[in-house]
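In what follows, a structure is listed as structure tokens, so that the remarks can point back to it.
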Amino acid sequence: MRKMLIKECKKQGKTYGYYFKDVTGGFTTTGRVSPNAFNIMPTEVYRVYIDGRPDELIRGVDLIGTPLTMFSEIQAAGADKGIFTGYCGAESGNVPVTAVAPSLFVRKIETQRKMETLIKMPLLANPEIDQK
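Just so you know, we're using this note's numbering here: the sequence shown kicks off at 15 and counts up by one.
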């Protein structure tokens, strides 16, 4: 999928693309008079450069959008499976949920900056990054 990302960035005239390695969860806003929208809060995001520079760990970005738009931009799915366990807030209270999904290559995404007060550095170094 990395090769697909670099190829798509070149096609779109971009110097880099985003690789969302891990997320902590998110939320969806729904209503009769407002559009359905989601906000996914990643914990590990990398800027992948097309010119061969090393990937750059970045902070302060959320993945946002509307479900139909995002689904229409999915170009490929991986053979791997990721598992997420959390809670879904409902009027009746929090409901435990589990989701299983493959890695996805999405051609076009929407992002937004987190508020500065929400950007926090990790307390411990990521052992995977430090071993490279």
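Built from N, CA and C at the ideal position, the CB exists for glycine as well. Small disclaimer: the values here were computed from a predicted structure and weren't measured.
For the 8 Å Cβ check, are there 3 or more pairs between the stretch 29-40 and the stretch 59-70?
yes
From the DSSP secondary-structure annotation, give me the bridge partner or partners of phenylalanine 119.
Ala90
Reduced DSSP secondary structure (H/G/I, E/B, other) of methionine 18
helix
Between alanine 113 and cysteine 102, what straight-line distance do the alpha-carbon atoms span, to the nearest angstrom?
11 Å
Beta strand (DSSP E) runs wholly inside the stretch 39-118, at least 3 long, in chain order:
51-63, 70-72, 75-79, 88-91, 96-104 and 107-115
Leaving out five residues on either side along the sequence, give the residues of the same chain with a beta carbon under 8 Å from the beta carbon of threonine 18.
Note on identity: in this sequence residue 18 is methionine, with threonine being the wrong assignment. Around methionine 18: Gln89, Ala90 and Phe119.
With a cut-off of 8 Å on the beta carbons, I'd call glutamate 87 and lysine 122 a contact; round off their distance for me.
5 Å
Here's the rule I'm using: 16 or more other beta-carbon atoms within 10 Å means buried, otherwise exposed. How should glycine 92 be labelled?
exposed
Inter-residue CB distance, lysine 128 and aspartate 76 (contact presumed, cutoff 8 Å)
6 Å
Pair within 7 Å by beta-carbon distance, threonine 83 and alanine 51
no
Helix, strand or coil for lysine 25 per DSSP?
helix
Separation of glycine 39 from leucine 137, as counted between CA atoms
19 Å
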